[in-house]
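Have a look at the structure below before the remarks.
Numbering (the UniProt record's numbering), first residue to last: 1 to 431.
See the structure below:
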């Protein structure tokens, strides 16, 4: 059994861990200790170069990458020939180092990469450590350093905090804006849609959340970031104005610990307004990190058991798994920690069943719980809003909504400070 953990494998956050590091509430060492131990597994820090059936030539190749790009964890084991169906041949996996591993099956769980921005000025801001995503612990550490510098610098505002622009008002952007404003920083939250999050939360809940944001921080909904003006302390040749460490991964700030604060920069929005900012955080979601040969840019197409279509013995789980909607045409992914964990377990059970070593787990249904604390309110839910699902208001106070698919079945329930009512509906959703 092979399991691949992708670039965000270093992100120990399942709820708010990386953002707690960002604001100094916990240390990286404490976050590391929160990881569950992987006992009984043989691990490899390597890349996957090729996949082939034992009797075939390699059928898929991946772009060579650094060891940090993917971690291959292999647990050796054999199954009887009688248990293995003829349609699932043994696999031969070639690693980037040249080592070959035989496997009874492969579960691809390479995760996702953060979306970045390509606007004028983004490269200079990133070099200066003033533009970053929030996807991993390294991002959180860089943000914490920059915020401390900005709050203590000679150009710091009268308040004790820094000026932060958060672009994107999904769960990550909303939680980041919440934690930063609670820590005393001045936050501007930017999102192109009005209200933000309607496609995931529904119109009613998204509108209520927009009101909560507007009461707590400066909001610029219906606008997007279009330009970052040249930083006032930039080097004449356009190079980094501050001391930096080795180049960080794409989307990550490369600020050096102990660097001094800079004057604020100016962010220009599509509505013509501007925002002074010491730091810009991009929270535009993520794209799947797909190995070449087992899918495309949109993800890895899977059936309802998480088997990769057309590739016997290979399954996919988490952010890379690309599902097909009830209409047979609409594709969608579910990029969330708790659901990715549930998918991984389901894929493992499917693989065992296909090898004759377990019961059929049945079709995968996204019913995992999730929650986010936003400006003192608790937004939570169970399941995932499927394409075409219709919103139905269950309760106005507390606000509780459910989404019903074409068959009339509830596929998701969401609530704001809904507590027990939400949990009861969630249990019925999970069967």
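Beta carbons: idealized from backbone N, C-alpha and C, even for Gly.
Are there 16 or more other CB atoms within 10 angstroms of the CB of residue i, so buried, or fewer, so exposed?
i: residue 102; result: exposed
i: residue 407; result: exposed
i: residue 175; result: buried
i: residue 138; result: buried
i: residue 301; result: buried
i: residue 427; result: exposed
i: residue 80; result: With a pLDDT of 31 at residue 80, under the threshold of 50, the modelled position of this residue cannot be trusted, and the question is left open.
i: residue 196; result: buried
i: residue 345; result: exposed
i: residue 393; result: exposed
i: residue 83; result: Bear in mind that the predicted position of residue 83 carries a pLDDT of just 36, short of 50, making it too unreliable to give a figure here.
i: residue 309; result: exposed
i: residue 412; result: buried
i: residue 340; result: buried
i: residue 132; result: buried
Here's a check: name, in chain order, each residue in its chain whose Cβ is nearer than 7 Å to the Cβ of residue i, leaving out the five neighbours to either side.
i: residue 191; result: 168, 169 and 221
i: residue 353; result: 359, 360 and 361
i: residue 367; result: 382, 383, 429 and 430
i: residue 205; result: 399, 401, 414 and 416
i: residue 216; result: 181 and 375
i: residue 304; result: 363 and 364
i: residue 86; result: Annotation note: pLDDT 40 at residue 86 (below 50); position unreliable, coordinate value reported separately. Correct list: empty, nothing qualifies.
So, residue i versus residue j, is the Cβ gap smaller than 9 Å?
i: residue 108; j: residue 269; result: no
i: residue 414; j: residue 401; result: yes
i: residue 327; j: residue 370; result: no
i: residue 429; j: residue 279; result: no
i: residue 100; j: residue 93; result: yes
i: residue 375; j: residue 110; result: no
i: residue 331; j: residue 325; result: yes
i: residue 147; j: residue 183; result: yes
i: residue 207; j: residue 271; result: no
i: residue 211; j: residue 266; result: no
i: residue 372; j: residue 171; result: yes
i: residue 319; j: residue 334; result: yes
i: residue 214; j: residue 188; result: no
i: residue 112; j: residue 351; result: no
i: residue 145; j: residue 121; result: no
i: residue 173; j: residue 281; result: yes
i: residue 283; j: residue 299; result: no
Whose C-beta lies closer than 6 Å to the C-beta of residue i among residues of the same chain, with five residues either side of it excluded?
i: residue 474; result: As displayed, the chain neither begins before 1 nor continues past 431, which places residue 474 out of reach and without an answer.
i: residue 68; result: Low per-residue confidence applies at residue 68: pLDDT is 33, beneath 50, and the placement is therefore not dependable enough to give any value.
i: residue 163; result: 186, 264, 276, 277 and 278
i: residue 410; result: 402, 404 and 429
i: residue 209; result: none
i: residue 198; result: 206
i: residue 178; result: 374 and 375
If residue i and residue j are in contact, beta carbons under 8 Å, what's the gap, nearest whole angstrom?
i: residue 389; j: residue 403; result: 4 Å
i: residue 296; j: residue 115; result: The Cβ separation is near 17 Å, so there is no contact.
i: residue 231; j: residue 119; result: Not confirmed; about 14 Å, so no contact.
With a threshold of 8 Å on Cβ separation, who are the neighbours of residue i within its own chain once the five nearest residues in sequence on each side are excluded?
i: residue 306; result: 315, 316, 317, 321, 343, 346, 347, 350 and 364
i: residue 273; result: 220 and 223
Unbroken alpha helix (DSSP H) runs of length 4 or more, entirely within the region 164 to 230: which are they?
-> 171 to 182, 198 to 201 and 203 to 216
Those runs of the beta strand (DSSP E) which lie wholly inside the region 315 to 391 and span at least 3 residues | 321 to 324, 369 to 374 and 377 to 383
Which runs of the beta strand (DSSP E) spanning at least 3 residues fall entirely within the region 86 to 145, listed in chain order?
-> 91 to 95, 100 to 103, 106 to 109, 112 to 114 and 131 to 133
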